[in-house]
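Engineer:
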Ligand code: UFG
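Numbering (the numbering used here), first residue to last: 2 to 328.
(1) Determine the DSSP secondary structure at residue 67, reduced to helix, strand or coil.
(2) With a threshold of 16 other CB atoms inside 10 Å of the CB of residue 238, please say whether the residue is buried or exposed.
(3) Taking residue 256 as the reference, give the member of 244, 295, 275 with the closest Cα.
(4) Just to confirm before moving on: does the CB-CB distance between residue 108 and residue 74 stay below 8 Å?
(5) Cα separation between residue 67 and residue 104?
(6) Evaluate residue 115 with the Cβ neighbour count: other Cβ atoms within 10 Å of its Cβ, from every protein chain shown; 16 or more gives buried, anything less gives exposed.
(7) Thinking just about the alpha-carbon of each residue, which of 32, 300, 288 is nearest to the one in residue 120?
(8) Report the rounded CA-to-CA distance for residue 39 versus residue 180, giving the unit in angstroms.
(9) Which word fits residue 229, buried or exposed, when buried means at least 16 other C-beta atoms lie within 10 angstroms of its C-beta?
(10) Buried or exposed: which applies to residue 176, given that a residue is buried once 16 or more other Cβ atoms fall within 10 Å of its Cβ?
(11) Could you check where the alpha helix (DSSP H) with residue 260 kicks off and where it finishes?
(12) What residues in its chain sit with their C-beta under 7 Å from that of residue 274, if we drop five residues either side in the sequence?
(13) Beta-carbon separation of residue 123 and residue 97 under 8 Å?
(14) Would you mind stating whether residue 252 and residue 70 have Cβ atoms separated by less than 8 Å?
(15) Out of 132, 137, 160, 283, which has the shortest C-alpha to C-alpha gap to residue 113?
(16) Shortest alpha-carbon distance to residue 34 belongs to which of 20, 53, 27, 303?
(17) With respect to the beta strand (DSSP E) encompassing residue 226, which residues constitute its N-terminal and C-terminal limits?
(18) Pop quiz: residue 250 and residue 165 are said to be a contact at Cβ under 8 Å. What is the actual Cβ separation, rounded to whole angstroms?
(19) Span of the alpha helix (DSSP H) holding residue 122?
(20) Between the C-alpha atoms of residue 190 and residue 298, what's the straight-line distance to the nearest angstrom?
(21) Please report the residue range of the beta strand (DSSP E) in which residue 19 lies.
(22) Could you check if residue 256 belongs to the surroundings of ligand 1, using beta carbon to heavy atom distance under 7 Å?
(23) Can you tell me whether residue 283 sits near ligand 1, meaning its C-beta is under 7 Å from at least one heavy atom of the ligand?
(24) Cα-Cα, which of 182, 128, 152 is closest to residue 221?
(25) Buried or exposed: which applies to residue 149, given that a residue is buried once 16 or more other Cβ atoms fall within 10 Å of its Cβ?
(26) Among 78, 186, 325, which one has its Cα closest to the Cα of residue 170?
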């Protein structure tokens, strides 16, 4: 059984490859290395440099390797950038997925697990968010991910393909070994940015708004460890291998933390003072995003291991202290 991980040199992709290999799986990675890192490629995986928008590259890959399932992470994922350069997101995320599906249909590959996002919901109508809640994205990134889900839905009806879409909430943390972790340029994610302060790369953390209707006025998010996300992909792949139907699952811890609480926890973990400054709200930020992951727990048997924010931040700190400039 061989699994193809598209975007396997990226943040969540590389952590999934590590878990797959620990589970004894044969893994092939394809990544264009535009945002992925060659250093994040697991030494036991077979690596191909290429782009999912390149149909010939995919066809040749499927003909060379005997692929049973695909796990698809190869996408652009910055909310802010998606608003200033929407066509990049339609090109990489939607057009790229269309080419991938064409090649999968042609080559008889029938199972795929792929990254979706909490951004498909937009402003939630109730908390915690259920998979059946309304989906009205407030940014291009979320819109392209929702369109990807819909593309899979219609293509799977016409062709012999089954899929699982995993809607992540706030991915964070790093591999327990400290060998791989989050390394984005530019970095936009809260925990990585906060840890740049004790690492001496940033003087303070900006808090985007303290006038939300939450307990301390700052936004509440559901932080989920990247290794727990990785495990969910393996369970989703097994779910498809067992012949189950296409499905969509939320992935979060089901617990929310305010931005201020995250800053305080990071100060405790690092043992350093982390100054912060209150700034304007960031456009498009919902006040509260918390997942209900009951469906993934019941149907996939998923159980997040990192339920403590402190433990999550400890893994991120171990990575960031030793790799202050990323890879
Ligand atoms: N924040 C700050 N200061 C910063 C950075 C972030 O206060 O310097 C705040 C944000 O306003 C937000 C929280 O910290 O309230 C988390 O922000 P992130 O940018 O880390 O994450 P988001 O919640 O914006 O984004 C995450 C995923 C996206 C996904 C989105 C769904 O990273 O991929 O959830 O809404 F689209």
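Note that the Cβ used here is the ideal one computed from N, Cα and C, for glycine as well.
This one's a predicted model, so the numbers in the text were calculated from it and none came from an experiment.
Structural biologist: According to the structure data:
(1) coil
(2) buried
(3) 295
(4) no
(5) 14 Å
(6) buried
(7) 288
(8) 13 Å
(9) buried
(10) buried
(11) 260-271
(12) 268
(13) no
(14) no
(15) 160
(16) 53
(17) 224-226
(18) 7 Å
(19) First-last for residue 122: undefined, no H or E at that position.
(20) 26 Å
(21) From DSSP, residue 19 is part of no beta strand (DSSP E) but of the alpha helix (DSSP H) over 12-23.
(22) no
(23) yes
(24) 128
(25) buried
(26) 78
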